Amino acid sequence: MTIVDEDLSLTFAALADPTRRAILSRLAGGEATVNQLAEPFAMTQQAISKHLKILERAGLISRTRAAQRRPCQIETEHLDAAAEWIGRHRRQWEERYDRLDEHLATLRRPSQQGPSQQEPTQQEPSQQEPTQQERPA
Amino acid sequence: MNDMADRGELTYRRVHDAPRELLFDCMTTPEHLTHFWGPARTTTPIDGVTVDLRPGGVFETVMVSDADGSQYTMRAVYVEVQRPGKLVWAEPDVEGGMTTTITFVELGDGRTEVVTHQTNVPAMSRRPEAQEGFLTSLDRFGVYVAMLAGQR
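Residue numbers (this note's numbering), protein chains in the order written: chain A, 264 to 400; chain B, -9 to 142.
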């Protein structure tokens, strides 16, 4: 297993939880402290801290060491990797099924240039008009 | 590898204007596969397609790049073969083990919804929180991630 796969695993595991996704969503709007993050959830700060640790370990967020309030901020690099994984696999199937549709279309039109019916000629027999003009005397 | 609970997954849904028998046959017949299997800018020559349509049977395709002729071979083994409803194959060598399940759902109006479900093993750690399950479709993560990106 490559390091990249291992990273992806952590990312997907971290994203698998709705609370953690909500936290990320909140952080996408700007950094926040644990207190601020805990606010909208009916959860203890400890519970939120546990989620934050998982997000941090997955590289999805970082926390400032220096400041006492240790605000959390989102790190998009790993999200980008996850999105890339999804996009790559998705694109493969999209292209494949596009081509399948084209193939189905060719199956549906079986030899369109079959023996074409002889159409009756539309030419009207032109009536011979007398060329003779009668001159008025 | 570990159990199903902690696998990454992708679900792709697509409606095709064809009965499911035909779609199943398209996905399992070299004469059909050669027309559409490879990704864009590749061809899949018919003699590079091996289909042994039974559980345990080989499913291999050689895809050739249009640009430089380089080849990529998909090596899979059928796990489940149920014409016309379901097809499952596994690629043990890909990303730690990839399983693809294709379900053909009749829509009743001559069309068929093809649901492609792919799970790999982005080898999950054994931590309990990782066992929470990967049942959410990665597709939805994709939308979600895109949304996050858009918010920044």
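C-beta atoms are modelled at their ideal positions from N, C-alpha and C, and glycine is treated no differently. These numbers were taken from a predicted model, which means no experiment stands behind them.
Proximity to L300/A [Cα-Cα], best of I286/A, K313/A, G293/A: Considering only alpha carbons, the answer is I286/A.
Amino acids of chain A, ordered along the chain, whose beta-carbon sits closer than 9 Å to that of W27/B: R359, R362, L363
9 Å Cβ cutoff, T307/A in contact with chain E: Here chain E cannot be found, since the structure's protein chains are A and B.
Partners in chain A for Q108/B, counting only beta-carbon separations shorter than 7 Å: H352
Identity of the residue in L367/A, A345/A, A276/A nearest W27/B by Cα: L367/A
Separation of V105/B from E96/B, as counted between CA atoms: 11 Å
Min CB distance I311/A to chain B below 9 Å: no
V41/B, enclosing beta strand (DSSP E) - first and last residue: 39 to 41
Limits of the unbroken alpha helix (DSSP H) element including A285/A: A285/A: member of the alpha helix (DSSP H) spanning 281 to 291, first to last residue.
Buried versus exposed call for A279/A [16 or more other C-beta atoms within 10 Å across all chains shown]: That one is buried.
Y62/B burial status per 10 Å Cβ neighbour count (16 or more: buried): Y62/B comes out exposed.
For T93/B, the first and last residue of its enclosing alpha helix (DSSP H): Unbroken run through T93/B is the beta strand (DSSP E), 88 to 96; no alpha helix (DSSP H).
Touching by the beta-carbon criterion (3+ pairs, under 8 Å), the stretch 269 to 276 of chain A and the stretch 338 to 358 of chain A: yes
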